[in-house]
Amino acid sequence: MRIDVLTLFPGMFVGPLDESILQRARTGGQLDLRIHNLRDYAHDRHKTVDDRPFGGGPGMVLKPEPLFEAVETLTAGDEVHVVLLSPSGRVFTQAVARDLAQRRRILLVCGSYEGVDERVREGLANDELSIGDYVLTNGALPAMVIIDAVTRLLPGVLGDAESALDESFSHGWLEYPHYTRPAEFRGMKVPEVLLSGNHAEIEKWRAAQARKRTQERRPDLLATAPSLADGGPTEPGRDEPRATRPN
Ligand code: 9D3
-13 MRIDVLTLFP GMFVGPLDES ILQRARTGGQ LDLRIHNLRD YAHDRHKTVD DRPFGGGPGM
47 VLKPEPLFEA VETLTAGDEV HVVLLSPSGR VFTQAVARDL AQRRRILLVC GSYEGVDERV
107 REGLANDELS IGDYVLTNGA LPAMVIIDAV TRLLPGVLGD AESALDESFS HGWLEYPHYT
167 RPAEFRGMKV PEVLLSGNHA EIEKWRAAQA RKRTQERRPD LLATAPSLAD GGPTEPGRDE
227 PRATRPN
């Protein structure tokens, strides 16, 4: 998969994407990642990318011309899913990650604290995403979050063991508690049932723990997560992506 990123802060992308599974996906050829500086598409003497808002008010707004030129240049002659990152977007979830991972090319357009000219939304973006309800300084970290979540879903990125582990936790509950040796650490004991060798009992204990923990911390998840009585692990319907807009 090819992912292009358009940002005013290309330096922020140096480091986080050069480590771990992401680096492996890049050298392995599953991820072709290209970072572009929006300022390279500003053609006046001062390389202007923003201007004051029509109608007045504080702050600045990203101008349409550099954004349109950049996106049109980077998508020319190819089908590319263009995603604007902004606090006003629909919320990025695992279901959205699965949808993006199916695509051959995506272009992530990072917002900045100033916000972007509305014509970028209307004329350039197929979708608009936020990573959650908190205020960041720009869209670079959200872009990296999305790249991380999407990349690990690409075929061949996770090994068989990691993929299987992932599947066993896709039931929509929080995880049950995990323990490893020693059986007692600083007076804290591993629950007896886990040492019993009784796998039916262990399964029951883990399911009960996962349910209890989810009830306490994330009751919103229980509204749609399947119960064991319903036949076990299935995909939750709560986070299906809404239709995106073709250009
Ligand atoms: C809070 C009011 N505005 C500031 C004048 C809007 C605003 C625009 C842009 C606030 C922050 C930003 C920068 N953030 C993003 O571009 C962004 C973001 C975020 O802040 N939170 C969660 N997801 C995202 S995706 C892009």
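In this note's numbering, the protein residues as written are -13 to 233.
We put the CB at the ideal spot given by N, CA and C, even for glycine.
All of these numbers come straight from a predicted model, not from anything done at the bench.
Starting from residue i and walking both ways along the beta strand (DSSP E), at which residues does that stretch end?
| i | result |
| --- | --- |
| L19 | 18 to 23 |
| Q102 | The sequence given here places Val at residue 102; Gln does not occur at that position. No beta strand (DSSP E) contains V102, which DSSP labels as neither H nor E. |
| L71 | 67 to 77 |
Could you give the DSSP three-state label for residue i: helix, strand or coil?
| i | result |
| --- | --- |
| L94 | strand |
| V(-9) | strand |
| F40 | coil |
| D113 | strand |
| L122 | coil |
| M174 | strand |
| V57 | helix |
| L160 | coil |
| L3 | helix |
Could you spell out where the alpha helix (DSSP H) holding residue i opens and where it closes?
| i | result |
| --- | --- |
| R203 | 185 to 203 |
| R84 | 80 to 87 |
| A11 | 6 to 13 |
Give me the Cα-Cα distance between residue i and residue j, rounded to the nearest whole angstrom.
| i | j | result |
| --- | --- | --- |
| D85 | L8 | 19 angstroms |
| C96 | A129 | 7 angstroms |
| R107 | D(-10) | 18 angstroms |
| M(-13) | F40 | 39 angstroms |
| L19 | R12 | 7 angstroms |
| P44 | D37 | 11 angstroms |
| A209 | V121 | 28 angstroms |
Please state whether the Cβ-Cβ distance between residue i and residue j is less than 8 angstroms.
| i | j | result |
| --- | --- | --- |
| P73 | S6 | no |
| A169 | L181 | yes |
| Y99 | N124 | yes |
| A87 | V136 | yes |
| K49 | D119 | no |
| H246 | R91 | The displayed coordinates of the chain run from -13 to 233. Any statement about residue 246 would go beyond what the structure contains. |
> Do the segment 70 to 81 and the segment 18 to 26 touch if we need at least three Cβ pairs shorter than 8 angstroms?
Replying inline: No, because fewer than three Cβ pairs between the segment 70 to 81 and the segment 18 to 26 fall closer than 8 angstroms, the two stretches do not touch.
> Using 8 angstroms as the threshold, is the segment -11 to 0 in touch with the segment 145 to 153, meaning 3 or more CB pairs across them?
Replying inline: Because the criterion of three Cβ pairs below 8 angstroms is not met, the segment -11 to 0 and the segment 145 to 153 do not touch.
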